[in-house]
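Report on one structure; see the data block that follows.
Spelled out as structure tokens, the structure:
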């Protein structure tokens, strides 16, 4: 049924990037919305490189809507006189419009584009007009369409089946649990939030955890879905509520909730074409990484670039796609480049983080078939191989020299070994050091349990946004998470007093702060503040052969919450965390600390292994020496 204005009035302006028609029309909130590209999960600037540039756009489309226009502001490259923009689909031209002057708006019609699987995929091409005799175009000076947005026509249709409950575009997910959630309800909420964030990726939907005593929740706002999780009653998923956009109720026994929650993120959900469905056993099988993969499997199907003298491509090596912390990274680069003409020299270079790790002279065959080893010190969570062909010589006048095309095949192999402990300690080891299955330790009842659940969801979804692969979660008690040998996130919002795990930053009952080895001397340093100041922190440690992320405070849970809000406020803050502790104190920006204590503990473990190996070797030498003496004596007796 159509979305009525009564269901959409609340807080529409709270959704950034959503522009809707005039409010005096009671149906306007559901009709003809305009969504920025950022809202639908893309960069809000479309960059078209070269004299003839192109970029493919895949535009999600809500049920009942049709994209009609792409609107943006034009930023012309330096020296460009104008040009033409063209949109096509499957070699069929949808529209063609002239480029307006610099900094002027442009509207490109999309009417007639076909919708396939709730999305419209089109190719945007640009053809630039340049001054006479001007042929060398700066590859770093593209045509930019800034502030791009999609205008839709039609009326959004509310979901009537479970299969259609999750829309192509989602900006907010509200999960309602009882005021004192059980472990099974908390587990379902964390699992569901993680799966939704993984599904929508760059759309970055917000996830809110609220409490409710019944199955009803407030009316939803645009681009929101609401899910109620409740232990008890008959197992299944069902659309419920008086609102035009119904809420989804997930219910069942403690053992059933997990299966019902998994249904929503599984391929089986496509078959749930009724308003109620009951899932049978659905197990989550972690995606176990292997020692060998390809750049295609890491999300890069192949890459190419064309330039007059210096084509460059980037091959990303993402540890979150590999699914573990790695070391010993080797890449078998396979590909080709346009052979250079006689009289020209050139080289192929491979760089990481601005440092050249391999280079060789260009060859007449133009083939690339080389193993590249990435130095351990350059391996990060996201490591980019920068591959370029550099030609030297006279390229002639306009059109006299054939541009060079550099291509790297998607089947280029990537070999790694598991790093245990992680090669990158601290936050840069996350989330890959926690994958593929993370235990989440939560305790507490009533309001405390609900607040700790909210904190756990904010942390897990923050980490999931860093990962290209979905990971699995399991909520357990705090004690079980600490006693386990598996990677874990532990929520201890009111303080830390567990002797099994030493944190980089701790505070005692007198308010004295202890920081491990902050000065590199190998000893602890203390700091006493008068009056005492409460702080909240996120801390990463390697303990018991696994990585732990601990969320705690010095009896100041509000500071922990402020820290999490600070991280969520900027998309780059989670990925930019370094060191092994980030601490929030009242009235100040959070502080990141790097303590070498973890590295020393790992080194101490390595030394222990070394000493053990030396001891075993010494015993073996003694045994060999004893055997040799016995053998010589035996031969001496036989000769006598």
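Numbering (mature numbering (1 follows the signal peptide of the UniProt record, and there is no 0)), first residue to last: -21 to -1, 1 to 619.
Heads up, the beta-carbon is just placed ideally off N, CA and C, and yes, glycines get one too.
As the structure is a computational prediction, the values presented were derived from the model and not from experiment.
Consult DSSP for residue i and reduce its assignment to one of helix, strand or coil.
i: residue 542; result: helix
i: residue 173; result: helix
i: residue 361; result: strand
i: residue 536; result: helix
i: residue 315; result: strand
i: residue 475; result: coil
i: residue 51; result: strand
i: residue 108; result: strand
i: residue 579; result: Any reading at residue 579 must be qualified, since the residue scores a pLDDT of 47, below 50, and its modelled position is unreliable; no value is offered.
i: residue 163; result: helix
i: residue 462; result: helix
i: residue 439; result: helix
i: residue 281; result: strand
i: residue 89; result: coil
i: residue 142; result: helix
i: residue 413; result: coil
i: residue 179; result: helix
i: residue 408; result: helix
i: residue 403; result: coil
i: residue 587; result: With a pLDDT of 36 at residue 587, under the threshold of 50, the modelled position of that residue is not reliable, and the figure given next carries that caveat. Note: residue 587 maps to helix in three-state DSSP.
i: residue 470; result: strand
i: residue 433; result: helix
i: residue 249; result: helix
i: residue 44; result: strand
Answer with buried or exposed for residue i, where buried requires no fewer than 16 other C-beta atoms within 10 angstroms of its C-beta.
i: residue 564; result: buried
i: residue 321; result: exposed
i: residue 335; result: exposed
i: residue 267; result: exposed
i: residue 40; result: buried
i: residue 179; result: buried
i: residue 568; result: exposed
i: residue 56; result: buried
i: residue 165; result: buried
i: residue 344; result: exposed
i: residue 293; result: exposed
i: residue 69; result: exposed
i: residue 603; result: No answer about residue 603 holds up, because its pLDDT of 36 lies below 50 and its placement is not dependable.
i: residue 237; result: buried
i: residue 113; result: exposed
i: residue 553; result: buried
i: residue 209; result: buried
i: residue 548; result: exposed
i: residue 212; result: exposed
i: residue 203; result: buried
i: residue 495; result: buried
Following the continuous beta strand (DSSP E) through residue i, name the residue where it begins and the one where it ends.
i: residue 348; result: 346 to 352
i: residue 560; result: 560 to 563
i: residue 31; result: 31 to 39
i: residue 127; result: 122 to 133
i: residue 334; result: 334 to 340
i: residue 452; result: 451 to 455
i: residue 330; result: 324 to 331
i: residue 24; result: Careful: residue 24 lies outside any beta strand (DSSP E) and carries neither H nor E.
i: residue 515; result: 515 to 522
i: residue 224; result: Run containing residue 224: none; DSSP gives neither H nor E here.
i: residue 70; result: That residue, residue 70, is in no beta strand (DSSP E); it is neither H nor E in DSSP.
i: residue 385; result: 383 to 388
Pull the bridge partners of residue i from the DSSP assignment, please.
i: residue 272; result: 393
i: residue 255; result: 217
i: residue 570; result: 562
i: residue 154; result: 188, 206
i: residue 261; result: According to DSSP, residue 261 bridges with nothing at all.
i: residue 65; result: 75, 104
i: residue 506; result: 492
i: residue 286; result: 383
How far does the alpha helix (DSSP H) with residue i in it extend, from its first residue to its last?
i: residue 238; result: 233 to 243
i: residue 301; result: 298 to 301
i: residue 554; result: 552 to 555
Next on the checklist: When you compare the region 380 to 396 with the region 144 to 161, are there three or more beta-carbon pairs, one atom per stretch, that lie closer than 8 Å?
Outcome noted: no
Next on the checklist: Using 8 Å as the cut-off, can you tell me whether the region 535 to 546 makes contact with the region 451 to 458, which would need three or more C-beta pairs spanning the two stretches below that distance?
Outcome noted: no
Next on the checklist: Below 8 Å, how does it come out for the region 100 to 109 and the region 61 to 76: are there three or more Cβ pairs, yes or no?
Outcome noted: yes
Next on the checklist: Does the structure place the region 77 to 88 close enough to the region 137 to 151 that three or more beta carbon pairs sit under 8 Å?
Outcome noted: no
Item to check | Contact between the region 246 to 261 and the region 350 to 360 (3+ Cβ pairs under 8 Å) | outcome: no
Next on the checklist: Check whether the region 267 to 278 and the region 229 to 248 touch, using three or more Cβ-Cβ pairs below 8 Å as the test.
Outcome noted: no
Checklist entry - Okay, do the region 182 to 202 and the region 454 to 470 touch, 3+ Cβ pairs below 8 Å being the bar? => result no
Checklist entry - Any contact of the region 127 to 134 with the region 13 to 32, i.e. 3+ C-beta pairs under 8 Å? => result yes
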